[in-house]
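First the structure, in the form of structure tokens, and then the observations on it.
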Amino acid sequence: MRGRRGVVWEIWILLGLSLGKAGVYALVNIAGRLTQGTPLADQTATLNPSQSPRPLLDLTYQLLTIGFTLVPVALAVYLLAIRRGAPPVTRAIGLDWHLRGRDAFDPDVAAPLPAPSHAASHASSPASGSPPVLASGRRRRDVGWGFALAAAIGVPGLAFYAAGRLLGITVSVQASALDDRWWTVPVLVLAALQNGALEEVIVVAYLFERTRDLGWSPTDRIDWRFLASSALLRGSYHLYQGFGPFLGNVVMGVVFAWWYRSRWGRRRVLPLVIAHTLLDVVAFVGYALIPAGWREALGIT
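When we follow the UniProt record's numbering, the leftmost residue of the sequence shown carries the number 1, and every step to the right adds one.
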């Protein structure tokens, strides 16, 4: 199957294996919550549940879940890497931390976007652009932007959650239900990294590149179709937490998708992964470190 139909099928299949599937389940979940007779404000969602009362078996299940959840990320990167006529995936979405010297590309001097590699065209000519240059500071820039984006999203995110709780449209979110084991914090950090990689690589980088192959985002200006699709997809799989997190994640999706295509983002996905990981580490690990008595006193389940 070739051409546009092939790209469309590829997108739907990958989403069906990953976050699109999660979005459908979240939609069914919120429908069940709304019809069970208990107000949303009195319901609870657990993000990191224990999977076994036996500690080592629970650890095994946790690590297996994280590992298999990352398989669609590897598939998305692979599908981007094998596109004919497209730049290397390390350059296309900025996965170049493992490269050194002249094998890397400096995002501050990177060439503008090449013409879309429409799947209907099978030309294999390399994308035009400037030759690779030294990029010794790219890791520092990515980390800096990651912290900046996390700070910009973190406070409004808490505000959306708090407002949703006050309005009764958001469930009480339990960030972790893992017992206090020696491996609890490392596993929560890995879970945060898993979420960051899964969501940002697929919802932003992969979706942008493949919809561009369909003719979206033909210029350097942000394409509203990509912006809306990415943001609504991100919000959809958070619906099980209620409408506050849905709206908060739609806003986060708009900001992240816009930044990715901006002159500051320059199509680098790693700052988004870092930002998302930081947000989840604060939520997961911070929750786990709060004593149970304090959580009860603060009204946090």
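Here a beta-carbon is modelled for each residue, glycine too, at the ideal position from N, C-alpha and C.
Remember, it's a predicted structure, so these values are computed and weren't measured experimentally.
Three-way DSSP call (helix, strand, coil) for S130 in this model: Residue 130 sits at position 130 when you count from the first residue of the sequence shown. Because S130 sits at a pLDDT of 42, beneath the cut-off of 50, its placement in the model cannot be relied upon, and the following sentence gives the value as read from the coordinates. Looking at S130 - three-state DSSP - the assignment turns out to be coil, as it is neither helix nor strand.
Nearest to V187 by alpha carbon, out of S50, P218, L40, V8? Looking up residue 187 in the sequence shown gives position 187. Residue S50 is the option with its Cα nearest to V187.
Report buried or exposed for S124, applying the criterion of at least 16 other Cβ atoms within 10 angstroms of its Cβ. Here residue 124 refers to the residue found at position 124 of the sequence shown. Only weak support exists for where S124 lies, its pLDDT of 39 falling under 50; the coordinates are left without a value.
Residue range of the alpha helix (DSSP H) that includes A197: Locating residue 197 in the sequence shown gives position 197, where the first residue counts as 1. It spans 184-199 - the alpha helix (DSSP H) in which A197 sits, taken as one unbroken run.
How many Å lie between S128 and A205 at the Cα? In the sequence shown, the residue the question calls residue 128 occupies position 128. In the sequence shown, the residue the question calls residue 205 occupies position 205. For S128, the predicted model reports a pLDDT of 40, less than 50, meaning its position is unreliable; a value from the coordinates is still stated below. Computed Cα separation, rounded: 20 Å.
Whole angstroms are fine: how far does the CA of G244 sit from the CA of N29? Here residue 29 corresponds to residue number 29 of the sequence shown, with the count starting at 1. Here residue 244 corresponds to residue number 244 of the sequence shown, with the count starting at 1. N29 and G244 have their C-alpha atoms some 15 Å from each other.
Whole-angstrom Cβ separation of A26 and L198, contact assumed at under 8 Å? As a first step, residue 26 must be located in the sequence shown, where it is residue number 26. As a first step, residue 198 must be located in the sequence shown, where it is residue number 198. Incorrect: roughly 15 Å between the Cβ atoms, too far for contact.
Taking the continuous alpha helix (DSSP H) assigned at A26, which residues delimit it? In the sequence shown, counting from the first residue as 1, residue 26 sits at position 26. Per DSSP, A26 belongs to the alpha helix (DSSP H) from 19-35.
Just how far apart, CA to CA, sit L149 and I66? As a first step, residue 149 must be located in the sequence shown, where it is residue number 149. As a first step, residue 66 must be located in the sequence shown, where it is residue number 66. So the alpha carbons of these two residues sit roughly 24 Å apart.
CA-to-CA distance, N48 to residue 304, given in whole angstroms: This structure gives no information on residue 304, because the portion of the chain shown stretches from 1 to 301.
Could you check where the beta strand (DSSP E) with Q174 kicks off and where it finishes? As a working note, residue 174 is residue 174 in the sequence shown. Residues 172-174.
What is the DSSP secondary structure of residue 309, counted as helix, strand or coil? Outside the shown range of the chain (1 to 301) lies residue 309, about which nothing can therefore be said.
So is T277 buried or exposed if we call it buried at 16+ other beta carbons inside 10 Å? Within the sequence shown, numbered from 1, the residue matching residue 277 stands at position 277. Buried.
Quick one: Cα of E209 to Cα of R263, how far? Locating residue 209 in the sequence shown gives position 209, counting from the first residue. Locating residue 263 in the sequence shown gives position 263, counting from the first residue. If I take the Cα positions, the gap works out to 17 Å.
Starting from T211 and walking both ways along the alpha helix (DSSP H), at which residues does that stretch end? For the purposes of this step, residue 211 is identified with residue 211 of the sequence shown, where counting begins at 1. Bounds of the alpha helix (DSSP H) holding T211 are 207-213.
Between T69 and the rest of its own chain, which residues show a CB-CB distance below 7 Å, the 5 nearest in sequence each way excluded? By one-based count along the sequence shown, residue 69 stands at place 69. So the list reads Q194, L198, once near-sequence residues are dropped.
Which word fits Y287, buried or exposed, when buried means at least 16 other C-beta atoms lie within 10 angstroms of its C-beta? Translated into positions along the sequence shown, residue 287 becomes position 287. Buried: at least 16 other Cβ atoms inside 10 Å.
Alpha-carbon spacing of G235 relative to R139, whole angstroms: Taking the first residue of the sequence shown as 1, we reach residue 235 at position 235. Taking the first residue of the sequence shown as 1, we reach residue 139 at position 139. Rounded to the nearest angstrom, the two C-alpha atoms are 29 Å apart.
Skipping 5 residues on each side, what residues in its chain have a beta carbon closer than 7 Å to that of Q241? Your numbering for residue 241 matches position 241 in the sequence shown. Only A45, T170, V171, V173 meet the Cβ criterion.
If you run the structure through DSSP and keep just helix, strand and coil, what is A45? Position 45 of the sequence shown, counted from the first residue, corresponds to residue 45. If DSSP states are grouped into helix, strand and coil, A45 belongs with the strands.
Does the beta-carbon of A110 have 16 or more other beta-carbons within 10 angstroms, so that it is buried, or is it exposed? Mapped onto the sequence shown, residue 110 falls at position 110. With a pLDDT of 45 at A110, under the threshold of 50, the predicted position of this residue should be treated as unreliable, though the coordinate-derived value follows. It counts as buried.
Throw me the rounded Cβ distance for the L17 and L233 pair, which I believe falls under 8 Å. Locating residue 17 in the sequence shown gives position 17, counting from the first residue. Locating residue 233 in the sequence shown gives position 233, counting from the first residue. Incorrect: roughly 14 Å between the Cβ atoms, too far for contact.
Rounding to the nearest angstrom, what Cα-Cα distance links S217 and F226 in this structure? Within the sequence shown, numbered from 1, the residue matching residue 217 stands at position 217. Within the sequence shown, numbered from 1, the residue matching residue 226 stands at position 226. Rounded to the nearest angstrom, the two C-alpha atoms are 7 Å apart.
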